[in-house]
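What follows is a single structure, written as structure tokens, with notes after it.
Protein chains: 2
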Amino acid sequence: MGVSPTVTAGVPARPASERRDGAMQAGDIAVSLPTVTSADPVAKAVRMMAVGRLPGLIVVDADSRPTAVLPGSQVLRLAIPASFQEDPMLARTVDEARADSFWRELGGLSVGDCLPRQPLRPATVSADATLLEIAAVMARLRSPLVAVVGPDGVLTGTITLDRLLTSLAVTGPGEPPPG
Amino acid sequence: MGVSPTVTAGVPARPASERRDGAMQAGDIAVSLPTVTSADPVAKAVRMMAVGRLPGLIVVDADSRPTAVLPGSQVLRLAIPASFQEDPMLARTVDEARADSFWRELGGLSVGDCLPRQPLRPATVSADATLLEIAAVMARLRSPLVAVVGPDGVLTGTITLDRLLTSLAVTGPGEPPPG
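Protein chains in written order, with full-length UniProt numbering: chain R, 1 to 179; chain V, 1 to 179.
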């Protein structure tokens, strides 16, 4: 009950009595994307993001609750040896062969090993969040993806920026004329 | 000379005397992507990003110098009326019809009108930056794209996170075995 490691795309709609008509909500546009746990190797996380062409990854705990929502640049960050992360000059001095393969130095380091020590608040919304709320969370937390969670905090789906823009129909027939 | 508004993918290699052999450099993997200027309407910028499925956009000045490198979430931010950007509770109170079409309220606002007042340092690298340097800049500035600039500061190409990951061959045969 609620501890399934799988992510389901279908998000339960909130009760009809609470639901306002006509507008899209997070639960309507969420999709199922692969997730990682803190125990997964960083190399697996980076590969998963690359293969799936994902804009980022959600880290979930054993109960499928998101503990981090990482933009792609921050998944990449996990793969950069700590000494190079904050010192651009140091990165510049590295032998170029190593500069192509730095991510191989990770060995068996896990996502949990490489996450920032001060955990950021994960970018989450509830299934009844409006498109504006989703956009505001993405903008404020600088995240191209948000986790949709149920009342119990369990992940029920993911919304990517691409998906949000499609839902907003920014390219649709009703768009304002190009300026 | 150097004031062309077009973006060229081909980045001049640095002189052979300076070039270390065998490793990839920013100039080798940069591609040409559409850019915007401060005068372009925000609606155009958001549409351009959506249509091109771009991870963000580079804002250039009249001399093709990058003035901002915006992750997708920050291009989206341009389209969110200011009052909703920092107050999630306010976004929650908005009528849902409006919550689907907030971005239409922008009217003729330009990218320059909506950029943060404190300009961020744009995420740029030189054509001879190594893959590690590019990764470090993306990670530190939380940007899924970086601008490649010449010695004169003129944009010569763009590197996306996708492109960097492909170049790093994180999914290639030489990868470490899944943990």
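Here a beta-carbon is modelled for each residue, glycine too, at the ideal position from N, C-alpha and C.
Chain R contact residues for residue i, given Cβ-Cβ distances below 8 angstroms
i: S143/V; result: S73
i: I80/V; result: L132, A135, A136 and A139
i: A23/V; result: E96, A97, A99 and D100
Boundaries (first-last residue) of the beta strand (DSSP E) holding residue i
i: V111/R; result: No beta strand (DSSP E) contains V111/R, which is instead part of the alpha helix (DSSP H) from V111 to C114.
i: T67/R; result: P66 to P71
i: I134/V; result: That residue, I134/V, is in no beta strand (DSSP E); its alpha helix (DSSP H) goes L131 to L141.
i: V170/V; result: Note, V170/V: premise wrong, no beta strand (DSSP E); not H, not E.
i: I58/R; result: G56 to V60
i: S32/R; result: Element bounds for S32/R: n/a, residue is neither H nor E.
i: L90/R; result: Where L90/R is concerned, there is no enclosing beta strand (DSSP E), although the alpha helix (DSSP H) it sits in stretches over P88 to T93.
i: S126/V; result: T124 to S126
Bounding residues of the alpha helix (DSSP H) (the contiguous stretch that carries residue i)
i: T160/R; result: Looking at the DSSP string, T160/R is not in any alpha helix (DSSP H); the run it does join, the beta strand (DSSP E), is L155 to T160.
i: A45/R; result: V42 to G52
i: A147/R; result: Note, A147/R: premise wrong, no alpha helix (DSSP H); beta strand (DSSP E) at L145 to V149.
i: Q85/V; result: A82 to Q85
i: D100/V; result: E96 to S101
CB-CB length for residue i against residue j, believed under 8 angstroms
i: A26/V; j: A129/V; result: 4 angstroms
i: residue 202/V; j: V137/V; result: It is not possible to answer for residue 202/V, since the shown part of chain V is limited to 1 through 179.
i: V94/V; j: L132/R; result: 6 angstroms
i: L145/R; j: T156/R; result: Going by Cβ atoms, the distance from L145/R to T156/R rounds to 14 angstroms, so no, they are not a contact pair.
i: A43/V; j: L106/V; result: 6 angstroms
i: S110/R; j: P41/R; result: 6 angstroms
i: A91/R; j: A23/V; result: With 8 angstroms as the limit, A91/R and A23/V do not qualify as a contact, their Cβ atoms being about 13 angstroms apart.
i: S143/V; j: P34/V; result: Rounded, the Cβ-Cβ distance is 17 angstroms, inconsistent with contact.
i: A139/R; j: L141/V; result: At roughly 17 angstroms, the Cβ-Cβ gap does not stay under 8 angstroms, so A139/R and L141/V are not in contact.
i: A68/R; j: P119/R; result: 7 angstroms
i: D28/R; j: V154/R; result: Their Cβ separation, rounded to whole angstroms, is 18 angstroms, which puts D28/R and V154/R out of contact at 8 angstroms.
i: G112/V; j: A127/V; result: Actually they are not in contact, since the Cβ atoms of G112/V and A127/V sit about 28 angstroms apart, beyond 8 angstroms.
i: R162/R; j: R53/V; result: The identity of residue 162/R in the sequence shown is Asp, whereas the question assumes Arg. Contact holds; Cβ gap of about 6 angstroms.
i: A135/V; j: L164/V; result: 6 angstroms
Partners in chain V for residue i, counting only beta-carbon separations shorter than 9 angstroms
i: P88/R; result: E133, A136, V137 and R140
Chain R residues whose Cβ lies nearer than 7 angstroms to that of residue i
i: L76/V; result: A135, M138, A139 and L161
i: P122/V; result: Neighbours of P122/V on chain R: none; closest Cβ ~14 angstroms, over 7 angstroms.
Contacts that residue i makes with chain V (C-beta to C-beta distance below 8 angstroms)
i: L165/R; result: V46, M49, A50 and L76
i: P55/R; result: P55, G72 and P144
i: Q85/R; result: A136, A139 and R140
Cross-chain neighbours of residue i in chain V, by beta carbon under 7 angstroms
i: V170/R; result: V46, R47, A50 and W103
i: A91/R; result: L132, E133 and A136
* Asked: Within the chosen definition, does the segment 49–67 of chain V reach the segment 81–97 of chain V through at least 3 CB pairs nearer than 8 angstroms?
  -> No, they do not touch.
* To do: Check distances from the C-beta atoms of the segment 93–111 of chain R to those of chain A and list, in chain order, the residues that come in under 7 angstroms.
  => The structure shown contains no chain A; the protein chains it does contain are R and V.
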